[in-house]
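Below: one structure, written as structure tokens.
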Amino acid sequence: MKNNRTILKKFEFIGLVIGLLGSAFFLTGPFDSLTVAGHISLAIFWLAAWFYISEPIPVYATSLLVMLLGALLLSKEGPIFINAKPDLYTLSTDSTGIGIVPNSALFNQNSILVYEKGNWRTEPVSISKSTDSESTISFTANTNVPIAANAYTLNSGYEPLSYKTIFGTLANPIIVLFLGGFMLARGAVKYKLDNALTAYLLRPFGKKPAFILFGLILVTAILSAFMSNTATTAMMMTVILPIIAAVPDNDKFKTAIVLSIPVAANIGGIATPIGTPPNAIVVAALAQHKISIPFSDWVIMALPFTLVLLFLAWFLLHTLFKTDLKELNLDVNAKFNKSPKAIFLYFVFGFTILLWFTENLHGIPSGMVAFVPITLLTFGTVLDKNDIHSLSWEVLWLVAGGMSLGMLLDKTGVAVWIIQAIDWSMFNIVIILLVFAVIGWILANFMSHTVTATLLMPLGVSLGVSANLGDSYNVVIATMVIGIATSISMILPISTPPNAIAVATNLVNTKDMAKIGLIIGLIGIPLMLTFAWFYWTLFY
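When you line the sequence shown up against this note's numbering, it's residues -6 to 533, in that order.
Here's what the structure looks like:
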């Protein structure tokens, strides 16, 4: 144990050094095609990536650091851009659509940033001739309106963000959505709603081991769809203790029972936008590009895949860890709390879920609906200040930091720059999705699912915006592939907290966990791509 801790400390130190040295390298400006802001953003991204991976500081602290550095170094209120003023080059359009502009006025090789009627936008251009200082471009525009190409003295093509925009991710509707989910989950644990639901839902599965295993998987998945995967696993581990006690010590069914909980928790979280942080990152990344996925749409798209993968998990566990037992007698007599506060919680829980599932009918965004439990559960101290203090605030900071990082990469052109470094048009769309899925799955087995989604999501979004792939690339499906691929990464104890909790019971070994996780991943990725290609395209 001491040796493992020493290795971890060394890895943290190596990550710290590589992160700092790499950031210093990128700040020196070795890439001529990147702007000053681009170099700063790339340095922040490099630092965050290595800090997320090696954790010299907690991952949520890294997210807060991203927001602080973004505000200090890239906002118009920060010391670098506080005095940056735009140099405006007025281009009077003519019938030929040809003009000469300073190179500093070009946003990239395919567009120019223009200011028209008080609004900024990009205008596609074609460069016919270029020197060290200026370029001859052809463009299409309203010939009756002068166009002003913007070039910031320090950073052409970048209009500094306000620090309020960067810090505003902490109050983004996606954060509110997750906070509402946390409040409901906390109330369920406090008033034993989770235990009562588990007992109630397990009753129909009888006494046969195979059916009990299926029931445990289904119940865990249902709870995980609305609660933290970690909290669900911790709770279900206490639920399965009497089941494990009824199984002989040398029976493999013990292993199947213990593994069923983290596997079902990881997969079950895929079903809803609030089920797991990568889902929130998907929704947030799309929202920044004005693409909204209603709660019900996500469920309709993700639930069938989730159910198929859960059935596969049950089949694998039942097959690989066979039991000689014919039946098990279980105590499933837990009762619902009937106190006034508990009944009020049940009402709020049901009302919120109903509003989330009917978003397409009433039009109230899921983030706004999430404020219903946030507000109502504080009435009459259904949840008191101690309950509020115990919420997973660090997860919200982590998601907000990821949103800020994606925003910085997008606004400074770094995400576009990375995407344009590869000729994506030479790849089939299925191959592109497969690459994203495999990379996300591999990385998430060795680092946080949330961190992996945070790092890959801006690239998945920018590829759709900047790679000229046309309608064949669906940014909604691509981001869902990235998010879900991270959620099915469960080979190692470090892959996800539910896995770590299961191993901590000393009732399961890493070899068995790796076997199940590897098979689920190898089957789950092509299964997900099949759903993406033939089913998800019916909706987006």
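A virtual CB, placed ideally from N, CA and C, is assigned to each residue, including glycine.
Item to check | Contacts around Thr368, its chain only, beta-carbon distance under 7 Å, and the 5 residues preceding and following it disregarded | outcome: Start at 1 with the first residue of the sequence shown, and residue 368 comes out as number 375. So the list is empty, once near-sequence residues are dropped.
Checklist entry - What first and last residue would you give for the alpha helix (DSSP H) that runs through Ile263? => result Taking the sequence shown and counting its residues from 1, one reaches residue 263 at position 270. Where Ile263 is concerned, there is no enclosing alpha helix (DSSP H), because DSSP gives it neither an H nor an E.
Checklist entry - Could you give the distance in angstroms between the alpha-carbon of Thr523 and the alpha-carbon of Leu305? => result Translated into the one-based positions of the sequence shown, residue 523 becomes position 530. Translated into the one-based positions of the sequence shown, residue 305 becomes position 312. One alpha carbon belongs to Thr523, the other to Leu305, and they sit about 15 Å apart.
Item to check | Whole-number beta carbon distance between Ile236 and Ile250, since they are thought to touch under 8 Å | outcome: Start at 1 with the first residue of the sequence shown, and residue 250 comes out as number 257. Start at 1 with the first residue of the sequence shown, and residue 236 comes out as number 243. Rounded to the nearest angstrom, the Cβ distance from Ile250 to Ile236 is 6 Å, consistent with a contact under 8 Å.
Item to check | Pro287, buried or exposed, once every other Cβ within 10 Å from all chains shown has been counted against 16 | outcome: Your numbering for residue 287 matches position 294 in the sequence shown. Flag for Pro287 reads buried.
Next on the checklist: Tell me which residues share the same chain as Lys157 and place their Cβ nearer than 7 Å to its Cβ, disregarding the 5 neighbours each side in the sequence.
Outcome noted: Start at 1 with the first residue of the sequence shown, and residue 157 comes out as number 164. Here the set comprises nothing.
Item to check | Buried or exposed (CB count within 10 angstroms, at least 16 for buried), Ala238 | outcome: Locating residue 238 in the sequence shown gives position 245, counting from the first residue. Exposed, since its Cβ has fewer than 16 Cβ neighbours within 10 Å.
Item to check | CA nearest to the CA of Thr345, picked from Gly173, Ala36, Ile477 | outcome: In the sequence shown, counting from the first residue as 1, residue 345 sits at position 352. For Thr345, the nearest C-alpha among the options comes from Gly173.
Checklist entry - How is Ile484 classed by DSSP in three states: helix, strand or coil? => result Along the sequence shown, read from residue 1 onward, the residue named residue 484 stands at position 491. Correct three-state label for Ile484: coil.
Checklist entry - In whole angstroms, what separates the C-alpha of Phe342 from that of Leu163? => result Translated into positions along the sequence shown, residue 342 becomes position 349. Translated into positions along the sequence shown, residue 163 becomes position 170. Distance between the alpha carbons of Phe342 and Leu163 is about 24 Å.
Item to check | Bridge-paired residues (DSSP) for Ile120 | outcome: Along the sequence shown, one-based indexing puts residue 120 at 127. For Ile120, which the question treats as bridged, DSSP gives the partners Ile130.
Checklist entry - Of all the alpha helix (DSSP H) runs that stay within the bounds of the segment 345 to 379, which reach a length of 4 or more residues? => result Qualifying alpha helix (DSSP H) stretches, in chain order: 352 to 355, 359 to 362, 364 to 369.
Next on the checklist: Whole angstroms are fine: how far does the CA of Ser217 sit from the CA of Val474?
Outcome noted: The sequence position of residue 474 within the sequence shown is 481, counting from 1. The sequence position of residue 217 within the sequence shown is 224, counting from 1. The alpha-carbon atoms of Val474 and Ser217 are separated by roughly 19 Å.
Checklist entry - To the nearest angstrom, how far is it from the Cα of Thr371 to the Cα of Arg179? => result Within the sequence shown, numbered from 1, the residue matching residue 371 stands at position 378. Within the sequence shown, numbered from 1, the residue matching residue 179 stands at position 186. Going from the Cα of Thr371 to the Cα of Arg179 covers about 12 Å.
Next on the checklist: Tell me which residue opens and which closes the alpha helix (DSSP H) that Asp290 is part of.
Outcome noted: One-based indexing of the sequence shown puts residue 290 at position 297. Where Asp290 is concerned, the enclosing alpha helix (DSSP H) stretches over 288 to 313.
Checklist entry - In chain order, what residues of the same chain lie with their CB nearer than 6 Å to the CB of Asn137, ignoring the 5 residues before and after it? => result Start at 1 with the first residue of the sequence shown, and residue 137 comes out as number 144. Below a pLDDT of 50, predicted positions are generally treated as unreliable, and Asn137, at 45, falls in that range; the measurement from the model is reported next regardless. Closer than 6 Å at the Cβ level, and outside the excluded window around Asn137, lies no residue.
Next on the checklist: Ser68 and Pro153 - do their beta-carbons sit closer together than 7 Å?
Outcome noted: Position 160 of the sequence shown, counting from 1, holds the residue named residue 153. Position 75 of the sequence shown, counting from 1, holds the residue named residue 68. A contact, by the Cβ cut-off of 7 Å.
Item to check | Cβ neighbour criterion (16 or more within 10 Å) applied to Glu352 | outcome: Within the sequence shown, numbered from 1, the residue matching residue 352 stands at position 359. Buried, since its Cβ has 16 or more Cβ neighbours within 10 Å.
Item to check | Sheet register partners of Leu154 (DSSP bridge) | outcome: Taking the sequence shown and counting its residues from 1, the one referred to as residue 154 is at position 161. Paired residues: Ser68.
Checklist entry - Touching or not, the segment 265 to 276 and the segment 509 to 518, by the rule of three or more beta carbon pairs under 8 Å? => result Output reads no: the segment 509 to 518 does not touch the segment 265 to 276.
Next on the checklist: At the level of alpha carbons, what is the spacing between Asp244 and Phe207?
Outcome noted: By one-based count along the sequence shown, residue 244 stands at place 251. By one-based count along the sequence shown, residue 207 stands at place 214. Rounded to whole angstroms, Asp244 and Phe207 show a C-alpha spacing of 18 Å.
Item to check | Status (buried if at least 16 other CB within 10 Å, exposed otherwise) for Gly373 | outcome: As a working note, residue 373 is residue 380 in the sequence shown. Burial call: exposed.
Checklist entry - With a cut-off of 8 Å, do at least 3 Cβ pairs link the segment 194 to 205 to the segment 465 to 479? => result With the cut-off at 8 Å, the segment 194 to 205 and the segment 465 to 479 do not touch.
Item to check | Spatially closest choice to Tyr339 from Tyr533, Ala17, Asn499, Leu186, by CA coordinates | outcome: The residue given as residue 339 occupies position 346 in the sequence shown. Here the closest residue by C-alpha is Leu186.
Checklist entry - Which class does Arg244 belong to by DSSP, given the choice of helix, strand or coil? => result Counted from its first residue, the sequence shown places residue 244 at position 251. A quick correction: the sequence has Asp, not Arg, at residue 244. In the structure shown, Asp244 sits in coil (DSSP, three-state: anything other than H, G, I, E or B).
Checklist entry - Considering only the beta carbon of each residue, do Trp39 and Phe24 sit closer than 7 Å? => result Counting from one through the sequence shown, the residue named residue 39 turns up at place 46. Counting from one through the sequence shown, the residue named residue 24 turns up at place 31. Going by C-beta atoms, Trp39 is not nearer than 7 Å to Phe24.
Checklist entry - Between the C-alpha atoms of Gly360 and Pro490, what's the straight-line distance to the nearest angstrom? => result Against the sequence shown, residue 360 aligns to sequence position 367. Against the sequence shown, residue 490 aligns to sequence position 497. Cα to Cα, Gly360 sits roughly 26 Å from Pro490.
Checklist entry - Does DSSP put Asp403 in a helix, in a strand, or in coil? => result Reading the sequence shown from its first residue, position 410 is the one you call residue 403. Three-state DSSP puts Asp403 in a helix.
Item to check | Euclidean distance between Cα positions of Thr124 and Ile130 | outcome: Here residue 124 refers to the residue found at position 131 of the sequence shown. Here residue 130 refers to the residue found at position 137 of the sequence shown. Distance between the alpha carbons of Thr124 and Ile130: 12 Å.
Next on the checklist: For Met320 and Ile210, what's the separation of their Cα atoms in angstroms?
Outcome noted: Taking the first residue of the sequence shown as 1, we reach residue 320 at position 327. Taking the first residue of the sequence shown as 1, we reach residue 210 at position 217. With the sequence shown as reference, residue 320 is identified as Glu, and Met is not the correct amino acid for it. Cα-Cα distance, rounded: 18 Å.
Item to check | Spatial distance of Leu296 from Leu391 (CA atoms) | outcome: Counting from 1 along the sequence shown, the entry for residue 296 is found at position 303. Counting from 1 along the sequence shown, the entry for residue 391 is found at position 398. Approximately 26 Å between the Cα atoms of the pair.
Item to check | Buried or exposed by the 16-neighbour rule on C-beta atoms within 10 Å, applied to Thr269 | outcome: Here residue 269 refers to the residue found at position 276 when the sequence shown is read from its first residue. The residue in question, Thr269, is buried, as its Cβ has 16 or more Cβ neighbours within 10 Å.
Checklist entry - Is it the case that the Cβ atoms of Ser441 and Val59 are separated by a distance below 7 Å? => result Within the sequence shown, numbered from 1, the residue matching residue 441 stands at position 448. Within the sequence shown, numbered from 1, the residue matching residue 59 stands at position 66. Cβ atoms of Ser441 and Val59: not closer than 7 Å.
Checklist entry - Can you find a CB in chain C that lies within less than 7 Å of the CB of Gly395? => result No chain C appears in the structure shown, which is made up of a single protein chain.
Checklist entry - On the three-state DSSP scale, how would you describe Val256? => result One-based indexing of the sequence shown puts residue 256 at position 263. It is helical.
Item to check | Assigned exposure category for Ile481 - 16 Cβ within 10 Å defines buried | outcome: Translated into positions along the sequence shown, residue 481 becomes position 488. Here Ile481 is buried, its C-beta having at least 16 other C-beta atoms within 10 Å.
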